[in-house]
């Protein structure tokens, strides 16, 4: 069931219609966006599932592939994948168990850990990337260029509204 079809959504929309200062269509827009985000997330998750990769593990492999053969520090890897250091450590643990990556301590600064794409990771990243890109093509197949530009604008405005609401 979609969020917009739930009793909670119907109640929120009714309350927004009844109370002054609230716009039910804005509420519906956010609920629709949440449904869309969930559907896209599910499709991406399904595209990565045959490769047994989470979104973060896939992102790590893509970053390492783009830098290969150069290593990257795990803190920088966290920054480039927009997650915390602890999340990167967990993702690297899984990838290292599958021999997709190697971690090496810096000989001069033991606090620094460098990550490299291993041969198995090089072999795994291409089919996973193709699966991801095929899913993206399928997800967006109904969206023409004009609508795409409107969606970019709308998403940017929703993000800005969400960010400024948080502060």
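Residue numbers (this note's numbering): 6 to 172.
All C-beta atoms, glycine included, are put in the ideal place defined by N, C-alpha and C.
As the structure is a prediction and not an experimental result, all values here were calculated from the model.
- Here the alpha carbon of residue 137 sits roughly 13 Å from the alpha carbon of residue 62.
- Look at the segment 7 to 59 and you find these whole runs of alpha helix (DSSP H), each 4 residues long or longer: 12 to 23 and 29 to 53.
- Within the same chain, 27, 29 and 32 come within 6 Å of residue 21 by CB-CB distance, once the 5 residues on both sides are set aside.
- With contacts defined by Cβ atoms closer than 8 Å, residue 36 and residue 8 form a contacting pair.
- Excluding the 5 residues flanking it on each side, residue 133 has same chain C-beta neighbours closer than 8 Å at 53, 56, 58, 63 and 66, in chain order.
- In the DSSP annotation of this structure, the continuous segment of the alpha helix (DSSP H) that includes residue 156 starts and ends at 150 to 171.
- DSSP places residue 121 inside the beta strand (DSSP E), whose first and last residues are 118 to 122.
- Taking C-alpha positions only, residue 92 is separated from residue 23 by approximately 43 Å.
- Assignment of residue 134 by DSSP, reduced to helix, strand and coil, places it in the helix class.
- With contacts defined as CB atoms closer than 8 Å, residue 69 and residue 126 qualify as a contacting pair.
- At a Cβ-Cβ threshold of 8 Å, residue 148 and residue 48 do not count as neighbours.
- DSSP places residue 109 inside the beta strand (DSSP E), whose first and last residues are 106 to 110.
- Taking C-beta atoms as the reference points, residue 97 and residue 120 count as a pair closer than 8 Å.
- Positions of the beta strand (DSSP E) runs, each at least 3 residues long and wholly inside the segment 62 to 115, are given as 106 to 110 in order along the chain.
- In chain order, 117 and 119 place their CB closer than 7 Å to the CB of residue 111, counting only its own chain and leaving out the 5 sequence neighbours on each side.
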